[in-house]
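Asker: Line by line, the protein sequences are chains A and B. Note that the working numbering gives residue 277 to position 277 of the first sequence, counting from 1, and the numbers run on in steps of one. Note that the working numbering gives residue 99 to position 99 of the second sequence, counting from 1, and the numbers run on in steps of one. For each residue, glycine too, the CB sits at the ideal point set by N, CA and C. It should be emphasised that the depicted structure is a prediction, and the values quoted were computed from it without experimental measurement.
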Amino acid sequence: METPPIADTPSPEPIERGLPAIGVRREVRIAGIRVAGRRRRPSGERAPLERELRAAGKLWLLAGVVMIGLWITLFAFPASTDWWTRNDTRLLQRLVDLRNDTLTSVSDVIAVLGTSWFNRVLRIGTLLALIFIRRWRHFFAVVLALLLVQGTVDIVKHVVGRPRPFVPLIGDWSGPSHPSAPVAALGVTLGAMAYSLVPTGRRRRIALAVSGVLVLLLVLAQLYRGVDHPSDAVVSAIFSISVVVVLFRWFAPESAFPVHWSRGVTAHLDVTGARGKAISEAVGAQLGLRVIDIKPFGLEGSGGSTPLRLKVESDPDKYVFAKLYSQTHLRSDRWYKVGRTILYGSLEDEVRFATVRRLVEYEDYIQRLMRDAGVPCAQPFGIVEIAPEREYLMVSEFLEGSEELTDADIDDAIIDKALEVIRNMWDAGLAHRDVKPANVMLNEGRVVLIDVAFGTVRPTPWRQAVDLANMMVILALRTSAERVYQRALLQFAPEDIAEAFAATRSVTLPSQSRSSLALVKKEQGVDLVEEFKQLAPPAEQISIQRWSSRRLRLTFGAVLLALFVIAQTVSEFTGGGIL
Amino acid sequence: MTRRFAVLSIVLTIVLSACSNLGLGEAGCAAPATDVSPANILTVQAVPTAKYTPCLNELRLGWDSVTWFARSGEAGFAISRSVSPFLEVTVTEACDVGVATLVDSGFPDIARYEDISSELGAVEIALVPSGELPLQTARSLASRLSGVEIEDRPVSFIINDEVDEPVTFRVNEALASGQYVWIIEALGAEEGTVEVRGNNPRANVSRLSPDDALDLIEDFVPEPHYRGNWFFTFDGGCITYEFNAKGVLAESVAADADDALGFYQAAELRRVARDAGFDI
């Protein structure tokens, strides 16, 4: 069907040549209905990626409600407590009537599933496997789940103080009967194993089904032996698995931390499936670009977002760069800032972002501010809402054909351009705060700064000085300290350079620069930082450490946490802990 | 909505729970017909053969906390002072009384055995004067030092005034009865010094002032303690009191244990439960 475009309002000029859809109000009429290319989401329309409570979520919500209901009726009212006791006992009495030597032997074998040594072997094995494949998120999620379930069971047992069932008891038991400690132990162990070690999909479903069967067998064995009431065992099974599900969804969500069996960091969102579809739809609706392909791009260099390369329809098709931010990244940013505050004290701006929206708004603002100040960086195309307050996509120019500065041939003109970038930031009162080889690109003869998320306005003076030092180090890696110093004198005073290196030390150098410097020192026997210090006028070392009550509190908290972990580890070896 | 519901549920659970009769209760000694606590039930369930299980009437002065435990085969409680347990009471199906001595339990169907090592009461120092003048000095010393304490224990001075007996004989006699000895010779009486003797050879020092002599003895006097076991055996079970009390607690722990601890009638509890339709 022919869909001739109509243009009843004048179209502005395209933001970028080759991507005419951007910034242009594109309107078409399809079957007599007017449709805007870039359209506002009307009130009431669902966002591209809505949070949905799916079947599993509803099931666990229901389980939680059942558990709370059980607890209330089990212990809140004497009459209902008595009702449960009588009915639990009646059911157990029927099982007692079924007792024979064969079933007792079988129950003895199944009861091994709930023993501490059996669970200990599984837990230690799981944690060692997670350490081996470096899945720290999952490792801590497992530890948290074990601590939470074990701690809650211990507390509730003594708070409730329910006697063992009033039937002849077989086998070993310890303490009050509610909730059932062996069932909870097995439930949390198998649940944590399934969520931390088994990839999602069919294998995960099989693992969970097997776990469910094993937990059910243990429940039956406990009931047959008369050591748990049915209500004890049911509550324990629901509670332990619920903790695992909720904890992993919150702390190591599958979308951000998918389980796979290869080593390496995977703190990136999965952009296939529903999210991929949502990205395509959202970019189309909000930027007017038709996405043909979505590919993760440069994941290894990014821990704070999920960088993507989007292929969009054009003539010819073009690439745009996109960074996907989610609540997972927001939490990472918060932890990163806590770490920086402990290491250096509060620097220019270590205040946490309250929402993902604020995080992307800030990065977009800084990127635009840098461009306004004449600092070459990728052109921002706009922010795309994927899920309100939870996921946003920042779309910008893709620097096609660019290479890292340290991979390029560097002449005096490039050195001057690179130093001019710093000069412009100084003049505009800005600092990049992460000047390292991976963030300084050479694109069609331009020196371009990327990843400006850490940039800040009116920073601490030494912070700006350190940007200069870091850029000079990058340039000297492919040339020499003497040559870079001489070129720098064309734009900076000798005192500026002296200040830059007076503030430079290990913690101010990005790790990528540190390793490059170490390599140069090893291969050529040259300490570039020391050479710059020799070339510059003498200067007193500048203190970069800042002390504040917040830093002290955070450090104290971190020390306490470390002590707790050490104490817990020691208690494992002495046999009294969660393992 | 989900968050509100969760918060409401938690609050409701807490409020309702607060109104209910939760908790282990105490393994008290009241008759089962009037008081059945979960702690008593679990203790009976742990050793179903036992006719009696241990119980606690009240916490005595200096008894800070009670930690109750029950597992298949044994149950009981540990009583602590400043988080350090000094008395652990356990019921088991049987026990080995070893070399413990049979004593009267006061109950016809319970046999009581004791195997205790203790160091209690005053520190005794025998003053052994070598003649009449030293005897006067001894009397004067005993009077002057009346009321002193060593390691929280009172010091009792016993004057051996049989000056006609040989000093060595009297010293050995005192040492044999566990006393420390201050020998007061004529020269010492003039100087105001004593010669200390004890069962530990390192306590044997001459020409010490009385104050230094007390300090010396303090180094060798053990802290008062009450350690060992009481066993109560009866049909189908045995209750063991394992004492490890020291300091001021040691002085009173035996009498307090006798008064504060008791025997819960498990058979009676089973009867009460049967009447309610349950079988413990």
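Measuring only the C-alpha atoms, how far is ILE79/B from SER180/A?
Answerer: Going from the Cα of ILE79/B to the Cα of SER180/A covers about 27 Å.
Asker: Scan the region 69–97 of chain B for residues whose Cβ lies nearer than 7 Å to a Cβ of chain A and list them as they occur along the chain.
Answerer: Listed in sequence order: ALA70, ARG71, SER72.
Asker: By the three-class DSSP mapping on this structure, what secondary structure does HIS432/A have?
Answerer: If DSSP states are grouped into helix, strand and coil, HIS432/A belongs with coil.
Asker: Using a C-beta to C-beta distance shorter than 9 Å, which residues of chain B count as neighbours of TRP173/A?
Answerer: Going along chain B in sequence order, the residues near TRP173/A (Cβ under 9 Å) are GLN45, ALA46, ALA70, ARG71, SER72.
Asker: GLY237/B and VAL89/B: beta carbons closer than 9 Å?
Answerer: Contact flag unset, no.
Asker: Using only the alpha-carbon positions, how far apart do LEU269/A and TRP462/A sit?
Answerer: Straight-line Cα distance between these residues: approximately 36 Å.
Asker: Mind listing the chain A neighbours of GLY25/B? Cutoff is C-beta to C-beta under 9 Å, in chain order.
Answerer: GLY161, listed in chain order.
Asker: In the region 79–152 of chain B, which residue ranges form an unbroken alpha helix (DSSP H) of at least 4 residues, counting only runs that do not cross its ends?
Answerer: Here the runs fully enclosed are 132–144.
Asker: Tell me, please, whether the CB atom of PRO38/B is closer than 9 Å to any CB atom in chain A?
Answerer: Judged by the 9 Å Cβ criterion, PRO38/B is in contact with chain A.
Asker: Based on the DSSP output, what are the partners of ASP293/A in its beta bridges?
Answerer: Answer is LYS311/A, bridged to ASP293/A.
Asker: Taking a contact to mean a Cβ-Cβ separation below 9 Å, would you say PRO380/A touches VAL395/A in this structure?
Answerer: It is a contact, given that the beta carbons lie within the stated cut-off.
Asker: PRO129/B and LEU120/B - do their beta-carbons sit closer together than 9 Å?
Answerer: Cβ distance not < 9 Å, so LEU120/B and PRO129/B don't count as in contact.
Asker: Decide if the region 271–282 of chain A is in contact with the region 207–221 of chain A; the criterion is three or more beta carbon pairs, one per stretch, under 8 Å apart.
Answerer: Short answer: they don't touch.
Asker: Under 8 Å: does the beta carbon of THR102/A sit that close to some heavy atom of the ligand FAD?
Answerer: Looking at this structure, you won't find the ligand FAD or any other ligand, since it has none at all.
Asker: With a threshold of 9 Å between beta-carbons, can ARG94/A be considered close to chain B, or not?
Answerer: Output row for ARG94/A: interface = no.
Asker: Just confirm the distance between the C-beta atoms of PHE234/B and LYS51/B, as a whole number of angstroms; I'd bet it's less than 8 Å.
Answerer: PHE234/B to LYS51/B, Cβ: 5 Å. Contact.
Asker: Using a Cβ cut-off of 9 Å, pull out every chain A residue sitting near ALA138/B, in sequence order please.
Answerer: Neighbours of ALA138/B on chain A: none; closest Cβ ~56 Å, over 9 Å.
Asker: I need the straight-line Cα distance from ASP164/B to ARG170/B, nearest angstrom please.
Answerer: If I take the Cα positions, the gap works out to 10 Å.
Asker: Residue range of the beta strand (DSSP E) that ASN172/B falls in?
Answerer: Unbroken run through ASN172/B is the alpha helix (DSSP H), 167–176; no beta strand (DSSP E).
Asker: Using CA coordinates, which residue listed in ARG71/B, VAL103/B, ILE217/B, GLY188/B is at the minimum distance from ALA122/B?
Answerer: Closest by alpha carbon: ILE217/B.
Asker: Report the CB separation of LEU127/B from ILE158/B in whole angstroms; it is logged as a contact under 8 Å.
Answerer: Confirmed, Cβ separation roughly 7 Å.
Asker: Does any CB atom of chain B fall closer than 9 Å to the CB of ARG164/A?
Answerer: Output row for ARG164/A: interface = yes.
Asker: DSSP on VAL66/B, reduced to helix/strand/coil?
Answerer: Strand.
Asker: Based on DSSP bridge pairs, tell me the residues matched to SER396/A.
Answerer: Paired residues: PHE321/A, PRO380/A.
Asker: What is the C-beta distance between LEU208/A and ALA194/A, in whole angstroms, given that I count them as a contact (C-beta under 8 Å)?
Answerer: Sure, about 5 Å apart at Cβ, within 8 Å.
Asker: Enumerate in chain order the residues of its own chain whose CB-to-CB distance from ALA186/B is below 8 Å, with the five nearest sequence positions on each side excluded.
Answerer: So the list reads SER130, GLY131, LEU133, PRO134, once near-sequence residues are dropped.
Asker: Kindly indicate which residue of ILE474/A, PHE166/A, ARG423/A has the alpha-carbon position closest to the one of SER516/A.
Answerer: If we check each option's Cα against that of SER516/A, ILE474/A comes out closest.
Asker: Counting only Cβ-Cβ distances shorter than 9 Å, please list the residues of the region 85–118 of chain A near chain B, keeping chain order.
Answerer: Answer set for the region 85–118 of chain A: THR85, ARG86, THR89, GLN93.
Asker: If I measure Cβ to Cβ from LYS521/A and keep anything under 7 Å in the same chain, skipping five residues before and after, which residues do I get?
Answerer: Around LYS521/A: ASP527.
Asker: Quick check on the DSSP output: the alpha helix (DSSP H) that includes GLU523/A runs from which residue to which?
Answerer: GLU523/A -> alpha helix (DSSP H) spans 511–524.
Asker: Is it true that the CB of VAL142/A sits closer than 9 Å to the CB of ARG123/A?
Answerer: Against a cut-off of 9 Å, the Cβ pair of VAL142/A and ARG123/A comes out as a contact.
Asker: Looking at the secondary structure, which residues open and close the beta strand (DSSP E) in which LEU74/A lies?
Answerer: Where LEU74/A is concerned, there is no enclosing beta strand (DSSP E), although the alpha helix (DSSP H) it sits in stretches over 55–75.
Asker: DSSP three-state label for LEU560/A, please.
Answerer: Residue state, collapsed to three classes: helix.
Asker: Taking only beta-carbon positions, decide if PHE278/B is within less than 9 Å of chain A.
Answerer: With 9 Å as the cut-off, PHE278/B counts as an interface residue toward chain A.
Asker: Is it buried or exposed for SER511/A, if we count other Cβ within 10 angstroms and need 16 for buried?
Answerer: The residue is exposed, with fewer than 16 neighbouring Cβ atoms inside 10 Å.
Asker: Quick check on the DSSP output: what are the complete beta strand (DSSP E) runs of length 3 or more inside the region 94–130 of chain A, in order along the chain?
Answerer: None, since the region 94–130 of chain A contains no complete beta strand (DSSP E) of that length.
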